[in-house]
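Student: Residue numbers (UniProt numbering): 1 to 250.
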């Protein structure tokens, strides 16, 4: 299916059943790009999009026909925030807006963020953002491209909207009791990021330890006073530049 490019955009807010949508779309035959893939595998691409660096070209590479990861659907952040830009790039795609009871959504989000104490002001802002996002999608997405769906409605509306046969068995329900945290820890992309950060930290510490040892053993003796007759130390300059470049790339 990857040859077709992006076909389904889940515009629903986080904590509205995005993990369930991932499983649903996967079961229907789509290759899904979820938040973990976007954050840990494609963060450089999304950074360019956020900075306005040729976003159309970047999105085509990420989700266009024949994309390397064979993505045909996307869910959760940052995709739900960029649903309109995605739809402009892929006009044949369909948009699903998942709605959830506002009180349950706000409570779930608060627990997810582990905010034991949250002010009424922040709680009201969360609700306002939730309403504004949903209303904006409903007002601006072409009606023939949009499905407004709730989990309790089951398989039929989604399958009819996407032109897929209804699978056997009940609708899956993922991320109960915040299981997404464990899923993230098991993510291949997340583990790769942790390994990269660990190697970077070890290299930084090694460089600092090496410089400190050399200084202590008088192997490194910087010129504290520069006289006119003192020759310019090109090797020292080259070492300093190499050090700075290495630190920047780690």
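Cβ atoms here follow ideal geometry from the backbone N, Cα and C, with glycine treated the same way.
What three-state label does DSSP hand residue 10 in the structure shown?
Tutor: Within the chain shown, residue 10 is the residue found at index 10, counting from 1. It is a strand residue.
Student: Measure the CB-CB distance between residue 72 and residue 5 and report whether it falls below 8 angstroms.
Tutor: Walking along the chain shown from the start, residue 72 turns up at place 72. Walking along the chain shown from the start, residue 5 turns up at place 5. Yes, the Cβ-Cβ distance between residue 72 and residue 5 is below 8 angstroms.
Student: Between which two residues does the beta strand (DSSP E) harbouring residue 148 extend?
Tutor: The residue labelled residue 148 in the question sits at position 148 within the chain shown. 146-149 is the span of the beta strand (DSSP E), which, as asked, contains residue 148.
Student: Going by DSSP in three states, residue 17 sits in which element: helix, strand or coil?
Tutor: Taking the chain shown and counting its residues from 1, the one referred to as residue 17 is at position 17. In this structure, residue 17 counts as coil in the three-state DSSP scheme.
Student: Quick check: residue 74 and residue 137, are their CB atoms within less than 8 angstroms of each other?
Tutor: For this step, residue 74 is matched to residue 74 along the chain shown. For this step, residue 137 is matched to residue 137 along the chain shown. Not closer than 8 angstroms, so no.
Student: So for residue 171, helix, strand or coil by DSSP?
Tutor: Position 171 of the chain shown, counting from 1, holds the residue named residue 171. Three-state result, residue 171: coil.
Student: Would the region 34-49 and the region 129-148 be scored as touching if the rule is three or more Cβ pairs under 8 angstroms?
Tutor: no
Student: Whole angstroms is fine: what's the gap from residue 225's alpha carbon to residue 207's?
Tutor: Counted from its first residue, the chain shown places residue 225 at position 225. Counted from its first residue, the chain shown places residue 207 at position 207. Any answer about residue 225 is weak, because its pLDDT of 49 lies below 50 and its placement is not dependable; what the coordinates show is given next. Rounded to the nearest angstrom, the two C-alpha atoms are 25 angstroms apart.
Student: What span of residues does the beta strand (DSSP E) with residue 94 cover, start to end?
Tutor: Start at 1 with the first residue of the chain shown, and residue 94 comes out as number 94. Following the DSSP letters along the chain, one finds residue 94 inside the beta strand (DSSP E) bounded by residues 94-98.
Student: With a cut-off of 8 angstroms, do at least 3 Cβ pairs link the region 147-157 to the region 90-100?
Tutor: yes
Student: What number of angstroms, rounded off, separates the C-alpha of residue 87 from the C-alpha of residue 9?
Tutor: Your numbering for residue 87 matches position 87 in the chain shown. Your numbering for residue 9 matches position 9 in the chain shown. Cα-Cα distance, rounded: 8 angstroms.
Student: Indicate the three-state DSSP secondary structure (helix, strand or coil) for residue 38 in the structure shown.
Tutor: Stepping through the chain shown from its first residue, residue 38 is reached at position 38. In the three-state DSSP reduction, residue 38 falls in the helix class (H, G or I).
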